[in-house]
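Student:
Residue numbers (my numbering): 68 to 289.
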């Protein structure tokens, strides 16, 4: 635990601003089938909570202090979207899910509100939350478990790379596309020695995928 953590009374490094938003988000995702209203209730809730936690811990994210990124984030993000959609059906998924169709309430205003929350959350909140967890915290934690902050962002470890992309893939039902996406985002971090480019690439991926989902009514991707 760093001295700044002690001053703010934060938990140990395994529970910190890089991990807690992700943990809360995933925990609420697991509870979705148990809650009346399901994803219509849980997704806005977990998105708002994750965003609030990211804001609360914002001073912990020194890697985001300067906000600039490489332009390749844009085509790379689109490439991941193409892989995600194009590979579908060519390998077995870990789960068969109907996905989220927001256009089922019978009220067009509520339908589009649900779609907007899903698209906005997946574009603005999830990429920041996941890149801070997977590519900023986990990659460094697997190198220095006592204090991941001592490890510069983008330091390569073969073990960390393999573990992170495998777990990132298994987080998704489309595990193979997830592994490839994790490898691509990690490659951006290793190349640029920062996570901002990976965050933008991830955001582009999710935004483009969301537009495709709505346009093609391909709800299983949500």
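Just so you know, even glycine gets a beta-carbon here, dropped at the ideal spot from N, CA and C.
1) Of all the options 218, 221, 251, which has the alpha carbon lying nearest to the alpha carbon of residue 233?
2) What distance in whole Å lies between the Cβ atoms of residue 206 and residue 225, which are believed to be in contact at a cut-off of 8 Å?
3) Indicate the three-state DSSP secondary structure (helix, strand or coil) for residue 142 in the structure shown.
4) From the DSSP output, in three-state form, read off residue 210 for me.
5) Let's see if you can read the secondary structure: which residues bound the alpha helix (DSSP H) around residue 101?
6) Verify whether the separation of the beta carbon atoms of residue 92 and residue 193 is less than 9 Å.
7) Is it right to say residue 157 is buried, meaning 16 or more other beta carbons lie within 10 angstroms of its own, or is it exposed?
8) Taking buried to mean at least 16 other C-beta atoms within 10 Å of its own C-beta, is residue 213 buried or exposed?
9) Find the nearest neighbour of residue 274 within the set 154, 260, 144, judged by alpha-carbon distance.
10) Residue range of the alpha helix (DSSP H) that residue 185 falls in?
11) Go ahead and pull the three-state DSSP assignment for residue 132.
12) Which of the three DSSP states, helix, strand or coil, is assigned to residue 261?
13) Are the CB atoms of residue 279 and residue 152 within a distance shorter than 9 Å?
14) Which of helix, strand or coil does DSSP assign to residue 80?
15) For the alpha helix (DSSP H) holding residue 66, just list the boundary residues, first then last.
16) Since residue 249 contacts residue 235 with CB under 8 Å, what's their CB separation in whole angstroms?
17) Below 9 Å between beta carbons: does that hold for residue 198 and residue 265?
Tutor: Taking the structure as given:
1) 251
2) Actually they are not in contact, since the Cβ atoms of residue 225 and residue 206 sit about 11 Å apart, beyond 8 Å.
3) helix
4) coil
5) Careful: residue 101 lies outside any alpha helix (DSSP H) and carries neither H nor E.
6) yes
7) exposed
8) exposed
9) 144
10) 175 to 187
11) coil
12) coil
13) yes
14) coil
15) One cannot answer for residue 66 here, as it falls past the ends of the chain, which runs 68 to 289.
16) 3 Å
17) yes
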